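Engineer: The listed protein sequences correspond, in order, to chains X and A.
If you count the first sequence from 1, you need to add 52 to reach my numbering.
If you count the second sequence from 1, you need to add 52 to reach my numbering.
Protein chains: 2
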Amino acid sequence: MEELMEVENKQVILKGYIDRAPLESDMELKVGNQIKLKISKGCNSVLVKNLYLSCDPYMRARMRDFQGSYIPPFVPGKPIEGFGVSKVIDSDDPNFQAGDIVSGFTGWEEYSLIEDTKKLRKIQQHDIPLSYHIGLLGMPGFTAYAGFYEICSPKKGDRVFVSAASGAVGQIVGQLAKLYGCYVVGSAGTKEKVDLLKTKLGFDDAFNYKEEQDLDATLKRFFPEGIDIYFENVGGAMLDAVLLNMRVHGRIAVCGMVSQHSNHDKEGIHNLFSIIRNRLTIKGFLQSDYLHLFPKFVEQVGAYYREGKIVYIEDMNEGLESAPSALVGLFTGKNVGKQVVCVSRD
Amino acid sequence: MEELMEVENKQVILKGYIDRAPLESDMELKVGNQIKLKISKGCNSVLVKNLYLSCDPYMRARMRDFQGSYIPPFVPGKPIEGFGVSKVIDSDDPNFQAGDIVSGFTGWEEYSLIEDTKKLRKIQQHDIPLSYHIGLLGMPGFTAYAGFYEICSPKKGDRVFVSAASGAVGQIVGQLAKLYGCYVVGSAGTKEKVDLLKTKLGFDDAFNYKEEQDLDATLKRFFPEGIDIYFENVGGAMLDAVLLNMRVHGRIAVCGMVSQHSNHDKEGIHNLFSIIRNRLTIKGFLQSDYLHLFPKFVEQVGAYYREGKIVYIEDMNEGLESAPSALVGLFTGKNVGKQVVCVSRD
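1. I'd like the ranges of any alpha helix (DSSP H) spanning at least 4 consecutive residues and lying wholly in the region 164-198 of chain A.
2. Quick one, which of A/Arg397, A/Pro74 and A/Asp256 has its alpha-carbon nearest A/Gly233's?
3. So, using beta-carbon positions, are A/Ser183 and A/Glu366 closer together than 9 angstroms?
4. If the criterion is Cβ atoms closer than 9 angstroms, does the pair A/Gly241 and A/Phe213 meet it?
5. Between A/Gln391 and A/Cys107, which are expected to be in contact by the criterion C-beta below 8 angstroms, what is the C-beta distance as a whole number of angstroms?
6. On the CB-based measure, 16 or more other CB atoms within 10 Å of its CB, does X/Val100 come out buried or exposed?
7. By the 8 angstroms beta-carbon criterion, what residues does the region 264-275 of chain X contribute toward chain A?
8. Just tell me which of A/Thr333, A/Ile328, A/Gln223 and A/Gly209 has its CA closest to the CA of X/Ser340.
9. Quick check: what's the CA-CA separation for A/Gly399 versus X/Ala217?
10. State yes or no: is the C-beta of A/Val388 within less than 9 angstroms of the C-beta of A/Leu253?
11. Just checking A/Glu133 against the ligand ZN - is the residue's beta carbon closer than 8 angstroms to any of the ligand's heavy atoms?
12. Is the region 170-179 of chain X touching the region 195-211 of chain X in the sense that three or more CB pairs, one from each, lie closer than 8 angstroms?
13. For X/Leu338, does the count of other Cβ atoms within 10 angstroms reach 16, so buried, or fall short, so exposed?
14. Apart from the five residues on each side of it in sequence, which residues of its chain come closer than 7 angstroms, Cβ to Cβ, to X/Leu75?
15. Is the CB of A/Gly134 under 9 angstroms away from at least one CB in chain X?
16. In three-state DSSP terms, what is X/Pro131?
17. Compare the C-beta of X/Tyr364 with all C-beta atoms of chain A and state if any pair is closer than 9 angstroms.
18. Take A/Gly449 as the anchor and find which of A/Ile203, A/Ala220 and A/Ala229 has the nearest alpha-carbon.
19. From X/Val393 to X/Trp160, what does the alpha carbon distance come to, in whole angstroms?
20. Suppose the cutoff is 6 angstroms on Cβ atoms and the five residues either side in sequence are ignored; what does the same chain contact list for A/Val221 look like?
21. Determine the chain X residues that contact A/Thr333 at a beta-carbon separation under 8 angstroms, and present them in chain order.
22. If you follow the alpha helix (DSSP H) that A/Glu244 is in, where does it begin and where does it stop?
23. For A/Cys307, return the contacting residues in chain X, with the cut-off set at a CB-CB distance below 9 angstroms.
24. For X/Arg72, would you say it is in contact with chain A, using Cβ-to-Cβ distances shorter than 9 angstroms as the test?
25. From the beta carbon of X/Phe325, is the nearest beta carbon of chain A less than 9 angstroms away?
26. Quick one, are the C-beta atoms of A/Glu284 and A/Val300 less than 9 angstroms apart?
27. Suppose you measure from the CA of A/Tyr69 to the CA of X/Asn297; what does that come to, to the nearest Å?
28. I'd like to know whether the C-beta of X/Ser121 is nearer than 9 angstroms to at least one C-beta of chain A.
29. Could you name the residues of chain A that X/Gly287 contacts, counting a contact when the two beta carbons are closer than 9 angstroms?
30. Restricting to Cα atoms, I'd like to know which of A/Leu248, A/Pro131 and A/Tyr235 is closest to A/Val64.
31. If the cut is a Cβ gap below 7 angstroms, which residues of chain A does X/Ile279 touch?
32. Using 9 angstroms as the limit for Cβ to Cβ distance, is X/His313 near chain A?
33. Near X/Glu370, which residues of its chain fall below 6 angstroms by C-beta distance, leaving aside the five closest residues on each side in sequence?
34. How would you write the range of the beta strand (DSSP E) that A/Thr158 sits in, first residue to last?
35. Inspect the beta-carbon positions of X/Asp142 and X/Ile91 and report whether they are closer than 9 angstroms.
Structure, rendered in structure tokens:
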């Protein structure tokens, strides 16, 4: 019987540190290592089967050999880590039982032994697609929620610009801003994404930044009276153009700079003088600093979803073996909506 | 009698718009135009004799042909304008009488007819040097006050870095931060200024940025545990180095970027990723947005001065003809302390 409980556990491991956007060859699918599907008493851990894994831009920072960040780097030779939705197989933690569905940090592998169970959340909302717990109701959704309500100081009628607007965070920011009574424009990198923004996601307008020669002129076209709130997801040239188009007392919430995920932005930002001229506030934030609001967020955004007031677009890759290309695709804009990897549906 | 009332009125005029740091040759001393020392009834204006004129970095922005700022450009062929302390010669505004000493916007000339009298302030504190009303108790002092208390969110024990620290604003920020219980380091561009910071102005430490090869390493030396508050007066390379040394939840108050007073910073800022990593708040401000606090400021800083808790260093040029070189000197760091031009002592 004991022997039957040991199964193969495929893993995606990081081969070594990098200091650029990741390539598939930076990761390796490791097949053939075994794992016991029973955990030992007294370990206080939870053994899970991973169902859905999240690909997020911040993960690039964990592929660098840099300890000074808010989160330590991955360990070469070990599985990539990230947010996931998982099913509990066996538990030595009284808060979890076999069969529970949980979300939290897990490994890029079929089965994970989770030792730090304090941050695991048991999923209660079974009327919402499971994978949404790493998207709409997970870290990206909460980033949008905390960023928009706590950082952007929105007012009804504010002119809001969202970059990477069809991405995991941007699509929610835009919809929350619309529900708040703002005028919302988004940018994205393909015609398909722009169409989604204008139709399915209900943005007032949207444009493909790759087709624009002069982002300053583009923004003046969409915001002839300027921008009150910029939800910054990309950095670089877009940020520089936005700075030229902010209204007095405008707010810029910075949660990601997907175009700039290295320690040093070679191009540089040139228009910071606008910070004084327009008395701007630029505020960086991490959703993890606002976790006291998480229950309220799940309640409110869950309700919006059930009422049909908010939708969520996912890009689902099938199979653990597709995880490296899914992650790599984030940095070229291949994903349409929140990038998820389905390891198993149950 | 009437004839005797007409006197020569020397003026410093702007010759034409520029888009670089000003040179003395951009201005001209115009001698020989006459002004009547009596104003006509019904004009609601005030005629003043200018005593002290203020040279401030923001004035460079008014020498450009750019209407989109918070303050319109100067008019070529007309006198430069700026803050000044003046004596009322004649008044058709019931709020002012001949002999009153006032501060407010005036012209770079011996006598000015001030039509917009609403912003003129009658000086009440006659135990404080008159010129301090365009420094310690004027716009620069109020910039320091509003910036430190309203923008920097200071806490006792915070580590504060001030650039251009011996300048009109910086010297007050540093002293207010010390009085608040912060650890304060300043940077300046000469040994003389650094000595003043450490002795007369009571900073905990100071350095000459021109003698440092690697500003990042310098800041790590003075702030081994990082910076909580940066009072930004210079921009450019210093801001970039500061970004690498901010502590989590650090605040950057931006009131000036004297090294970057053009529309486009060629060098660029490269380390904005720190905004996310360290959840920084960068906030631009103008003292004019906080004028409701002005009476409280005059009371508090006036009291600090009378109690000997705060000092103020001025660099006084004598004579209107020295005004162009005084203004130009701001952008090469020639001034030691607040740059003032004395047109007349009474």
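Heads up, the beta-carbon is just placed ideally off N, CA and C, and yes, glycines get one too.
Please read all numbers here as calculations on a predicted model, not as lab measurements.
Structural biologist: Looking at the atomic coordinates:
1. 191-198
2. A/Asp256
3. yes
4. no
5. 4 angstroms
6. buried
7. none
8. A/Ile328
9. Outside the displayed range of chain A (53 to 398) lies residue 399 of chain A, so it cannot be described from this structure.
10. no
11. Because no ligand of any kind appears in the structure shown, any question about the ligand ZN cannot be addressed here.
12. no
13. buried
14. Val380
15. no
16. strand
17. no
18. What is shown of chain A runs 53 to 398, which leaves residue 449 of chain A out entirely.
19. 10 angstroms
20. Pro192, Thr195 and Ala196
21. Thr333, Ile334, Lys335 and Gly336
22. Lys243 to Lys250
23. Ile328
24. no
25. yes
26. no
27. 24 angstroms
28. yes
29. Leu324 and Phe325
30. A/Pro131
31. Result: empty, since nearest Cβ-Cβ is about 15 angstroms, beyond 7 angstroms.
32. Low local confidence applies: a pLDDT of 49 at X/His313 is under 50, so the model's placement there is unreliable, with the coordinate-based value given in what follows. Judged by the 9 angstroms Cβ criterion, X/His313 is in contact with chain A.
33. Cys394
34. Ile153 to Gly159
35. yes
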